[in-house]
Amino acid sequence: MNRAGAGKNPPRCSVCGKPAVFFQRHTGRHLCGEHLGADIEERVAETIRSEKMIAPGDQVTIALSGGKDSTALLMILSRLLPLWEDVRLSALTIDEGILGYREDTIRSADNLVKRFKIAHHTISFRELFSGTLDDLLKGRETEACSICGILRRKALTTGAGRAGATKLATGHNLDDEAQSVLMNVLRGDLPRLVRNSGVDSSGLFIPRIKPLMHISEKEIATYLMVHGMWEELPECPYARYALRREVRTMLGNLEYRHPGTMLRLMESRKKIETRCAGMEQDPIRHCRECGDPCSGETCQLCLLKHSLGR
Ligand SMILES: [Zn+2]
Ligand SMILES: [Zn+2]
Numbered sequence: 010m011n012r013a014g015a016g017k018n019p020p021r022c023s024v025c026g027k028p029a030v031f032f033q034r035h036t037g038r039h040l041c042g043e044h045l046g047a048d049i050e051e052r053v054a055e056t057i058r059s060e061k062m063i064a065p066g067d068q069v070t071i072a073l074s075g076g077k078d079s080t081a082l083l084m085i086l087s088r089l090l091p092l093w094e095d096v097r098l099s100a101l102t103i104d105e106g107i108l109g110y111r112e113d114t115i116r117s118a119d120n121l122v123k124r125f126k127i128a129h130h131t132i133s134f135r136e137l138f139s140g141t142l143d144d145l146l147k148g149r150e151t152e153a154c155s156i157c158g159i160l161r162r163k164a165l166t167t168g169a170g171r172a173g174a175t176k177l178a179t180g181h182n183l184d185d186e187a188q189s190v191l192m193n194v195l196r197g198d199l200p201r202l203v204r205n206s207g208v209d210s211s212g213l214f215i216p217r218i219k220p221l222m223h224i225s226e227k228e229i230a231t232y233l234m235v236h237g238m239w240e241e242l243p244e245c246p247y248a249r250y251a252l253r254r255e256v257r258t259m260l261g262n263l264e265y266r267h268p269g270t271m272l273r274l275m276e277s278r279k280k281i282e283t284r285c286a287g288m289e290q291d292p293i294r295h296c297r298e299c300g301d302p303c304s305g306e307t308c309q310l311c312l313l314k315h316s317l318g319r
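In terms of this note's numbering, the sequence shown opens at residue 10 and continues consecutively.
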């Protein structure tokens with residue numbers, strides 16, 4: 010996890026001199042639990058400010074899976090809440106129906122919202138698509154992540170609508186986002202590379218915000234440990250099929266040998282996004298079957314439903 014604490018003379022915090030718990034490779038600083046927490050919370054507040062993610066009057070709904078990232082997101086946003094004027098928080102949990110995986114994370118999400126006294130909404134695949142992910146996937150396990158992604162998107166927008174959300178916050182961290190940049194490049198998907206889902210001029214979508222986009226997976230894990238919130242949770246059983254896993258290993262190696270690689274990938278995306286900002290976008294159309302906004306004639310969800318025979 011980190012080198013702090015190894016050997017007889019554990020490194021000291023670069024800020025206060027107390028024993029360090031984390032070595033922040035990209036800045037070369039050792040940090041104690043308190044100063045790692047303060048650094049992370051400040052950086053999240055700065056990301057929210059500079060990307061204009063939250064405005065007065067917002068009802069921010071956190072997509073809470075109960076896993077590490079969304080747990081940290083809920084804790085950090087709760088702590089930062091007093092900074093913002095007239096902003097409310099709620100949480101939304103999706104039950105995809107993945108046997109041996111979801112039960113634990115849903116229990117963890119329940120405990121968390123009780124502890125932080127946050128309104129909690131849940132929505133299930135069974136209710137929306139008359140079947141659990143396990144039922145729907147039979148024989149198509151290798152496509153699990155893309156199928157689940159399409160279904161989750163629908164579940165998130167429906168659930169966020171019910172929760173009265175004006176912003177939907179997800180726990181995507183620096184590692185996730187850097188992986189996505191690289192994956193979109195590898196797939197040649199430029200529109201997705203530059204699409205900023207945090208702003209919506211059409212009024213058709215609830216904007217998605219990713220306040221942890223500059224915080225690494227290791228920082229989040231250490232943050233949870235420092236606050237006694239670390240819990241070993243099972244990994245999604247379908248994750249082994251994903252291309253993301255290979256990209257993750259590759260980027261992990263690059264980041265280790267060249268600290269700051271992931272942050273620089275994010276800067277690259279930002280620069281491309283800025284350059285593309287004024288350019289003409291494909292018009293938003295409506296699915297001819299369900300009426301949801303989409304880019305083609307029929308939305309991905311309707312196409313998927315046909316292929317699943319639902
Ligand atoms: Zn310190
Ligand atoms: Zn449709």
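Glycine included, C-beta positions come from ideal geometry on N, C-alpha and C. Computed from a predicted model, the values in this text were never measured in an experiment.
Checking the 6 Å criterion, the Cβ of residue 298 is within range of a heavy atom belonging to ligand 2. By the beta-carbon neighbour count (other beta carbons within 10 angstroms, threshold 16), residue 77 is buried. The shortest C-alpha to C-alpha distance from residue 60 to any of 43, 171, 223, 152 is the one to 223. Residue 232 and residue 81 have their C-alpha atoms some 8 Å from each other. The beta carbon of residue 122 sits closer than 8 Å to the beta carbons of 73, 83, 100, 128, 129 from its chain, once the five residues preceding and following it are set aside; these are given in chain order. Three or more pairs of CB atoms, one per stretch, sit closer than 8 Å, so the stretch 163-176 contacts the stretch 133-140. Relative to ligand 2, residue 308 has its C-beta within less than 6 Å of a heavy atom.
At least one heavy atom of ligand 1 lies less than 6 Å from the C-beta of residue 27. The beta carbon of residue 44 sits closer than 6 Å to at least one heavy atom of ligand 1. When beta bridges are read from the DSSP output, residue 178 appears opposite 71, 218. For residue 68, the closest of 95, 114, 285 by C-alpha to C-alpha distance is 95. Beta bridge pairing from DSSP links residue 132 with 103. The residue from 75, 49, 151, 305 with its alpha-carbon nearest to that of residue 183 is 49. For residue 212 and residue 175, the gap between their C-alpha atoms comes out near 11 Å.
The stretch 233-274 contains, as complete alpha helix (DSSP H) runs of 4+ residues, the segments 252-266 (chain order).
For residue 38, the enclosing beta strand (DSSP E) begins and ends at 38-40.
Residue 39 sits close to residue 22, with the two beta carbons spaced by under 7 Å.
Straight-line measurement puts the Cα of residue 313 at about 10 Å from the Cα of residue 307. A straight-line Cα-Cα distance of about 31 Å links residue 191 and residue 89.
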